[in-house]
Amino acid sequence: MERKTKDQIKQDELEKQVAYISQLKELNAGKLKKFVLTTYGCQMNENDSERLSGFLTEMGYVEAQDYKDADLVIFNTCCVRENAEQKVYGHLGALKKYKEVKPDLIIAVCGCMMQQKHVVEHITKVYRHVGIIFGTHNLYRFPEILYKAINSDSPVVDVWEQEGRITEGLPIVRAHDVKAWVTIMYGCNNFCSYCIVPYVRGRERSRKVADIVAEARGLADSGFKEITLLGQNVNSYKGDAGDQDFAYLLEKLGYVDGIERIRFMTSHPKDLSDRLIYAMRDIDKVCEHLHLPIQSGSTEILKKMNRKYTREKYLELVEKIRDNIPGIALTTDVIVGFPGETEEDFEHTMDVIEKVRFDSAYTFIFSKRTGTPAAKAANQVPEEIKKERFNRLLNAQNVISHEINEKLNGAVLEVLVEGASRNNPAALTGRTRTNKIVNFKGSNDLIGKLVNVKINKIQTWSLEGEII
Ligand code: SAM
Ligand code: SF4
Ligand code: F3S
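In the working numbering, the protein residues as written are 38 to 505.
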């Protein structure tokens, strides 16, 4: 008997899904079926949701804003911190009454939270009105899962423990028109001791260079001007041939006509190579912004976090980056209250914040994640100390962010116009190459164009100005 390759098996699987899409489309014909999709967590989850929207659109569903209009409600969940999980449980509880008045309503939960056994057990026990549970590894099977749920009285639970091969060619409806997310790799191998991601997203798998370049070309053909390459640690990207590292991928993407700007996230400091720094310096389209999570400024805590760099190494890296790419904006992630963090450790973090002067920092209070080593550590920091340190850090960073932005007053900056401003529909919004939000007056035909804006007002999180 002829044996099928893994690629052929995957292809057969995809064809099966296409058949389910056709059946659902037929089922929905002539009816106005609506869905509400809520996404938590990182941009990779947002990108997964764009794929779900792609499937749903092909099946004939349209998006609704309110649960009360929906035939299908989906939560694409995150479990990186406890509060992300609590929000989902809150919504699931509130949806019970909708299901009671509309028994055909299908409530689905997917994403990272579902990759944890105790979560699935809790949802099936407590939230019996949930009709679909699936995980991160089998998103491509969503049409089949939905079809089964519609044709069954009992909930469909389909969560895979192991990651499978990467699935290319899934439909997509993008959240934005000018900029697009492009996931270049899945999973994480780093096992930082506080982090749940490696347990729920599996081991690192990179997409092929040719597939990523083809996606970028397609985006350029559809009028997109900016791409953001996504991975938990893009620095360990490995293409299908030996020498295809992340710098190589950036170089290839730099040749895609029509794409004006390339961004990426996230970079782990331990893997940030000189080749990547030079690629950022030399490839015009790669923007002058680097998100480089430090997590802590204490070498002792970094060791306990399993981050594999010291405070000194991080500072050296920052110096090298700034020497090569003057004016680059640096942003970071910081966790306060990691188990065993002393006042002195925290002072070290504050000191690095003052020394590096990040453009902005995402600051998090350490959250215990079941199954991670840090959750079991005996020396947990009391809540009130965590909160007090968090506030001190936030206040210090806000001052720095504002001071850095102050220096831009009067400067003329290149802005890619993204659309109407969220807070003021009469104004346009866009970003500088350094990823600063700029709001300004202008006509809608500028959307998707690069314009020069003279900055005349400074806020901590955004800038205002006028086109020149
Ligand atoms: N892979 C990226 C990295 O290494 O920086 C991002 C990982 S995670 C999606 C985003 C951020 O969440 C992390 O950088 C970290 O600061 C924070 N985080 C992860 N686990 C956490 C936890 N248990 N408690 C608080 N913050 C956490
Ligand atoms: Fe989590 Fe660390 Fe992986 Fe980032 S690199 S996803 S923080 S384990
Ligand atoms: Fe959350 Fe999963 Fe992203 S845990 S941060 S949605 S990878």
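Even glycine gets a Cβ: it sits at the ideal position worked out from N, Cα and C. The structure presented is a predicted model; accordingly, all values stated were derived computationally and were not measured.
Here residue 374 carries a coil assignment [DSSP, helix/strand/coil]. Our two residues, residue 242 and residue 48, have alpha carbons roughly 18 Å apart in a direct line. Remark: the C-beta of residue 422 is outside contact range of the ligand SAM, defined as less than 8 Å to any heavy atom.
Of all C-beta pairs linking the stretch 233-249 to the stretch 459-467, fewer than three are shorter than 8 Å, placing the two stretches out of contact.
With respect to the C-alpha of residue 427, the residue from 414, 448, 80 and 404 having the closest C-alpha is 404. In the pairwise beta carbon analysis, the stretch 322-339 is classified as touching the stretch 358-370: at least three pairs are separated by under 8 Å.
DSSP, read as helix, strand or coil, puts residue 151 in helix.
Here the stretch 379-396 makes no contact with the stretch 87-100; the two share fewer than three CB pairs at distances below 8 Å.
Look at residue 82: its beta carbon is less than 8 Å from one of the heavy atoms in the ligand F3S. Counting C-beta pairs with one atom in each stretch, the stretch 197-215 and the stretch 109-125 have fewer than three that are closer than 8 Å, which means they do not touch. Residue 269 has its CB nearer than 8 Å to a heavy atom of the ligand SF4.
For residue 201, the secondary structure class from DSSP, reduced to helix, strand or coil, is coil. For residue 328, the enclosing beta strand (DSSP E) stretches over residues 326-328.
Classified as exposed, residue 131 has fewer than 16 neighbouring CB atoms from the shown chains inside 10 Å of its CB. In this structure, the ligand SAM has no non-hydrogen atom nearer than 8 Å to the beta-carbon of residue 254.
Secondary structure note for residue 195: its beta strand (DSSP E) is the uninterrupted segment 193-195. In the structure shown, the three-state DSSP call for residue 109 is strand.
Taking a contact as a CB-CB distance under 8 Å, the pair residue 240 and residue 226 counts as one, their CB atoms being some 6 Å apart. In the three-state scheme derived from DSSP, where H, G and I count as helix and E and B as strand, residue 80 is classed as helix. Runs of the beta strand (DSSP E) lying entirely within the stretch 284-354 and spanning at least 3 residues, in chain order: 298-302 and 326-328. If you draw a 10 Å sphere on the C-beta of residue 228, you find fewer than 16 other C-beta atoms in it, and that means exposed. Under the three-pair Cβ rule at 8 Å, the stretch 57-73 does not count as touching the stretch 283-296. Of the other Cβ atoms in all chains shown, fewer than 16 fall within 10 Å of the Cβ of residue 498; this residue is therefore exposed. Residue 424 sits in a helix when the DSSP states are folded into three classes. Two segments are said to touch when three or more pairs of C-beta atoms, one from each, lie closer than 8 Å; by this definition the stretch 434-445 does not touch the stretch 255-262. Note on the stretch 139-188: whole beta strand (DSSP E) runs with a minimum of 3 residues are 143-148 and 169-171, in chain order. The beta-bridge partner set that DSSP reports for residue 467 consists of 454 and 475. Pairing residue 148 with residue 172 gives a Cβ-Cβ distance under 9 Å.
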